[in-house]
C-alpha cells in the first residue's frame, strides 16, 4: 500500500498492536472519520479480506471487542513455536465457573451448595487466573463476598459477552436425559471412544444404521 | 459383571450419585433408594480405607441417603411431626439437588468444549507462558488420590509379598520428604514412591505428603488435567510467583484475606 493507508489497513494495524480486544467505540474514536456502523462494516471487510487472501490471521470478536488472532488451522504450527501447551481448566474449575457464570453474583457457600463439595481451592485458582472477580458483598449475615466472571473469562472461552453462554438445559429436558444416556451406553454404536461423557441434546435417537460401518457417527473432533 | 469404582473420576457426592443412577439405569425422579444407597456405600468403602478428609462430604451424603431410606420405611402418619397435609416424598430435596447439579455439570462440559476451541486461536503476547512452567493448576485432592491409586495398584501387582514391616511412621517420613524436596524441588509425584515398593510404605509416604500439603510446606501442581503432578517445595514456589496467599489457612475465605470491604473496581 503506497501513500495513504486505507481504513482496513489502519484497523489491521490497530488490532495488531493492541494487547486487549479493542471495543468498537475505541476503534471508531481513533478512525475519526467513520461512524460505528461504518467501522463495523470495515472490520467485516478486513475479516473477509484476510480470509480471502488465505492469511494466517483473522479478526476475532471477543470479550466486548475485536482483536487479531491466528487462524485455528495454523494451531499445530504455532504450538510448535510456543512449545508449551495452554493449560486446560480442571473439571472442578469448569463446574465452578459454570455455576458462577450463570448465577452471578453468587457467594462461595451458594456454589458449594450446588456442587456438594468445598470450593476454596478452586476459587483461589480461578481468582489467581483472573477468570472470576469479586463483585462486592451480599447484604446478609456475615456479608459474604459475591463473585462473578471477568473479561478474562470471556476471552478464555472465546465469547463476545455473557449472551454467548450456551443456554442451560432446563429441568424437564434433564429429566428425559438419563434414559437417553442409558440407552446410549448400552447401544451397539459405542465402539468408538469419543467423548461419550458429553450428552448431545441434538443427537437423534434411534438412528442406528447397520449398513455403513465405515461412517463414524458425526461427533465434534477435538 | 464386575463393578468397577473409580472414585477419582467424581467431582463429589452428587457426581458419584449421578453416575450410579445412570449406571443402574434408574429414573432420577424415582430413585430406588435402597439399592442406590448400597451401591453408594460400596463406592465409599474404597475411600474410607484411607481415612481422608475428602471423604467428609461423601460421608455426609451417605448419612443423607440412609436417612431418606429410613424415612421411606416409616408409615406416612408417623413421619409427619404433627403436620398434616400431603406427604412430601423424602427424596424430593435430593432429586432437586441432583438435577440442579446435573445442569451445571453439563454446562461445564460445554464450557470445556468452548475452551478447547478458543485455545486453537493464538494472539500476540499471550501472557500465559510463564505460568505454564510452574504448573498453574493446583492439584485437587481427587486428582492426587487418582495418582495415588495408580501407584498403589502398580505396587500390588509388582510386589505381592509383604515382609514383616519395621517401624514406619509418618513423622519420620515427613522429615525425609522435606529433605528430598530440598534437594530436588519440582519432584514428579510418582518418583516419591520409586524406592518404596511396598503398600504400607507407599501409604505412609502419601500420608506424609498430605501433611506437608496441608501445612503449606509443599504444593502439588500440574500443567493441565491428567498431566504429571509435580510436587514443589513451597518456599521456592512463593519466591518465584510472589504470591503470599499460597499457604491456605483452613476455613479462611479468599475474599476476606485481600480486600476488606473493598468495593469492586
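Residue numbers (the working numbering), protein chains in the order written: chain A, -17 to 204; chain B, 1361 to 1625.
Every residue gets a Cβ at the ideal spot worked out from N, C-alpha and C, and that includes glycine.
These numbers were taken from a predicted model, which means no experiment stands behind them.
If you check the beta carbons only, do residue i and residue j fall under 9 angstroms apart?
| i | j | result |
| --- | --- | --- |
| residue 29 of chain A | residue 41 of chain A | yes |
| residue 1562 of chain B | residue 1512 of chain B | yes |
| residue 1502 of chain B | residue 1371 of chain B | yes |
| residue 214 of chain A | residue 129 of chain A | Past the edges of chain A, shown from -17 to 204, lies residue 214 of chain A, and the structure says nothing about it. |
| residue 1581 of chain B | residue 1455 of chain B | no |
| residue 102 of chain A | residue 119 of chain A | no |
| residue 1425 of chain B | residue 1393 of chain B | yes |
| residue 32 of chain A | residue 9 of chain A | no |
| residue 1515 of chain B | residue 1553 of chain B | yes |
| residue 71 of chain A | residue 1463 of chain B | no |
| residue 83 of chain A | residue 1478 of chain B | no |
| residue 116 of chain A | residue 86 of chain A | no |
| residue 1380 of chain B | residue 1403 of chain B | yes |
| residue 1564 of chain B | residue 1535 of chain B | no |
| residue 1453 of chain B | residue 138 of chain A | no |
List, in chain order, every chain A residue whose beta-carbon is nearer than 8 angstroms to that of residue i.
| i | result |
| --- | --- |
| residue 1372 of chain B | 97, 98 and 99 |
| residue 1417 of chain B | 98, 99 and 100 |
Compute the Euclidean distance between the alpha carbons of residue i and residue j, then round it to the nearest angstrom.
| i | j | result |
| --- | --- | --- |
| residue 2 of chain A | residue 1461 of chain B | 34 angstroms |
| residue 104 of chain A | residue 75 of chain A | 6 angstroms |
| residue 192 of chain A | residue 1471 of chain B | Reliability fails at residue 192 of chain A, whose pLDDT of 36 lies under 50, so the model's placement of it is uncertain and the value that follows must be treated cautiously. About 33 angstroms. |
| residue 21 of chain A | residue 131 of chain A | 29 angstroms |
| residue 1377 of chain B | residue 146 of chain A | 30 angstroms |
| residue 1421 of chain B | residue 100 of chain A | 14 angstroms |
| residue 25 of chain A | residue 58 of chain A | 27 angstroms |
| residue -14 of chain A | residue 114 of chain A | 43 angstroms |
| residue -5 of chain A | residue 77 of chain A | 38 angstroms |
| residue 64 of chain A | residue 1449 of chain B | 56 angstroms |
| residue 1542 of chain B | residue 1592 of chain B | 10 angstroms |
| residue 79 of chain A | residue 127 of chain A | 16 angstroms |
| residue 1388 of chain B | residue 122 of chain A | 34 angstroms |
| residue 1559 of chain B | residue 1416 of chain B | 24 angstroms |
| residue 62 of chain A | residue 44 of chain A | 25 angstroms |
| residue 1588 of chain B | residue 1551 of chain B | 11 angstroms |
| residue 1578 of chain B | residue 1375 of chain B | 29 angstroms |
| residue 53 of chain A | residue -1 of chain A | 17 angstroms |
| residue -3 of chain A | residue 112 of chain A | 23 angstroms |
| residue 27 of chain A | residue -10 of chain A | 7 angstroms |
| residue 1373 of chain B | residue 34 of chain A | 52 angstroms |
| residue 1458 of chain B | residue 136 of chain A | 28 angstroms |
| residue 1451 of chain B | residue 1430 of chain B | 11 angstroms |
| residue 107 of chain A | residue 19 of chain A | 40 angstroms |
| residue 1594 of chain B | residue 1576 of chain B | 7 angstroms |
| residue 1671 of chain B | residue 1555 of chain B | Past the edges of chain B, shown from 1361 to 1625, lies residue 1671 of chain B, and the structure says nothing about it. |
| residue 1572 of chain B | residue 144 of chain A | 40 angstroms |
| residue 1386 of chain B | residue 1396 of chain B | 9 angstroms |
By the criterion of Cβ-Cβ separation under 7 angstroms, what are the contact partners of residue i in chain A?
| i | result |
| --- | --- |
| residue 1472 of chain B | 76 |
| residue 1500 of chain B | 72, 74 and 103 |
| residue 1477 of chain B | 140 |
| residue 1548 of chain B | Within 7 angstroms Cβ-Cβ: nothing; residue 1548 of chain B doesn't reach chain A, min ~17 angstroms. |
| residue 1460 of chain B | 96 |
In the DSSP output, which residue or residues are listed as bridge partners for residue i?
| i | result |
| --- | --- |
| residue 1592 of chain B | B/1579 |
| residue 129 of chain A | A/88 and A/116 |
| residue 1548 of chain B | B/1590 |
| residue 43 of chain A | A/48 |
| residue 4 of chain A | A/48 |
Could you tell me if the beta carbon of residue i falls within a distance shorter than 8 angstroms of some heavy atom in the ligand NAP?
| i | result |
| --- | --- |
| residue 1394 of chain B | As for the ligand NAP, it is missing from this structure, which has no ligand bound. |
So which residues on chain B does residue i lean against when the C-beta distance must stay under 8 angstroms?
| i | result |
| --- | --- |
| residue 52 of chain A | 1481, 1482 and 1483 |
| residue 79 of chain A | 1468 and 1471 |
| residue 45 of chain A | Going along chain B, no residue has its Cβ under 8 angstroms from residue 45 of chain A, so there is no contact; the nearest lies around 11 angstroms. |
By the criterion of Cβ-Cβ separation under 9 angstroms, what are the contact partners of residue i in chain A?
| i | result |
| --- | --- |
| residue 1566 of chain B | Here the premise fails: no neighbours, minimum Cβ distance about 18 angstroms. |
Chain B partners of residue i, CB-CB under 7 angstroms?
| i | result |
| --- | --- |
| residue 42 of chain A | 1481 |
| residue 113 of chain A | What residue 113 of chain A touches in chain B: nothing, since even the nearest Cβ is about 11 angstroms away. |
Would you say the segment 43 to 56 of chain A touches the segment 5 to 17 of chain A, given that touching needs at least three Cβ pairs under 8 angstroms? Using a C-beta cut-off of 8 angstroms, the segment 43 to 56 of chain A makes contact with the segment 5 to 17 of chain A, since at least three inter-stretch Cβ pairs fall below that distance.
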